[in-house]
Amino acid sequence: MSSSSGRGGASRSVTVINGKKTFTVLENNPEVMDALAAKLGLSPALKFYDVYSLTDQNLLQCIPRPVYALLVILPLTPAWEARRNATDMAREPYKKAGPDEPVLWFKQTIGNACGSIGLLHCLLNGQAREYILPDTILSRLLVEAMLLHPEKRANLLYNDKSFEEAHQSVAALGDTLPPSLAEGEHLGQHFVAFVKGNDGYLWELEGSRPGPIRRGKLEEGEDLLSENAIRQSIGGVIDLDRKAGGSDMRFSCIALAKDPAVSVSLPPSVYHPHDGYSHGGDGRSWRGIWDPAYVFEKWSPPKQRRSN
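Numbering (the numbering used here), first residue to last: 13 to 320.
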């Protein structure tokens, strides 16, 4: 068992439950994900933003565009669970690897790590890759994981001490107290990342599913907060639950986007998509990114923003 310090010097321990390494549950909060992204090696110019509405244009205008990724907590409602089960049963486990794959997906084998793995899915895919600093946890994971098949990729992350320490170091941040390990296993909610893949399609990434899910085409210039993207991602889940008569609207969503107020000259992407090796370069301008929180017309602030 290992531990690291959280807010106020509090120790956050990693333990083993039923033979599986288990982290402390993270909150889907810009403060938390910003801090973890920085520790992992994202440019300081990129940040996360809460999304307070996907329908109110005045609130949407507060979020810099384009949005590169959405990180969402969704409750496992009966309607969504039924669709998930039907979809997953019809799919073969994802076994692909290599730089030609449109997205980089991690299978989750660490307990309560869905928040940090969701963050990896946001940062290691699409244009967000261009904001990874060299010689960091992110740059190393990107190069090493890209060439591994899912099982070996999961083992790489499971045994990565730096990733573990980064996760645990931010576990005490946020607006709510972290749940106990037992509580974390039964929150009934899931972190899901939505990104735009290298193929121009919207992808749904969750480590507990059999693999990444391609949702639909996004046109050039369409980002993750476009009407089309919302309809195919979190909006689709909400609509499914609403049509089934559900009332559980405890959603939390944050968005990754450029920050117009910040500009930093940094080296270009450490990863070249065609060969899987690090490259030097002449520097580029980096600007901020954030992930907003979704608000549907019946949305009310969640009692908690943590998920297993």
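We treat Cβ as the ideally placed atom computed from N, Cα and C, and that holds for glycine.
Query, Result
"CB-CB length for VAL79 against LEU214, believed under 8 Å", "Contact flag wrong, Cβ pair sits at about 12 Å."
"Sheet register partners of TYR213 (DSSP bridge)", "LYS229"
"Where ASP287 sits in the DSSP three-state scheme", "Per-residue confidence for ASP287 stands at a pLDDT of 40, beneath the threshold of 50, marking its modelled position as unreliable; the derived number appears in the next sentence. Three-state DSSP puts ASP287 in coil, outside helix and strand."
"Within 8 Å, strictly: CB atoms of THR89 and ASP253", "yes"
"Outcome for HIS291 when other beta-carbon atoms lying within 10 angstroms are tallied against a minimum of 16", "For HIS291, the pLDDT reaches just 35, beneath the cut-off of 50, and the residue's location in the model is therefore unreliable, although a value from the coordinates is still provided. That one is exposed."
"Exposure label - LYS32; buried when at least 16 CB within 10 Å", "exposed"
"Per-residue burial, GLN180 [other beta carbons within 10 Å of its own, 16 or more giving buried]", "buried"
"HIS202 and ILE85 closer than 8 Å at C-beta", "yes"
"Separation of ALA50 from VAL274, as counted between CA atoms", "15 Å"
"In chain order, each alpha helix (DSSP H) run of at least 4 residues that lies wholly inside the segment 42-93", "42-52 and 69-72"
"Helix, strand or coil at GLU163 [DSSP, three-state]", "helix"
"Assumed close pair LEU168, ALA157 - CB separation to whole angstroms, cut-off 8 Å", "6 Å"
"Beta-carbon spacing of GLY209, TRP117 below 8 Å", "no"
"Three-way DSSP call (helix, strand, coil) for GLU104 in this model", "coil"
"CB of PRO134 within 8 Å of CB of ALA140, strictly", "Residue 134 is actually Cys in this sequence, not Pro. Yes, the pair counts as a contact, with Cβ atoms nearer than the cut-off."
"Status (buried if at least 16 other CB within 10 Å, exposed otherwise) for MET101", "exposed"
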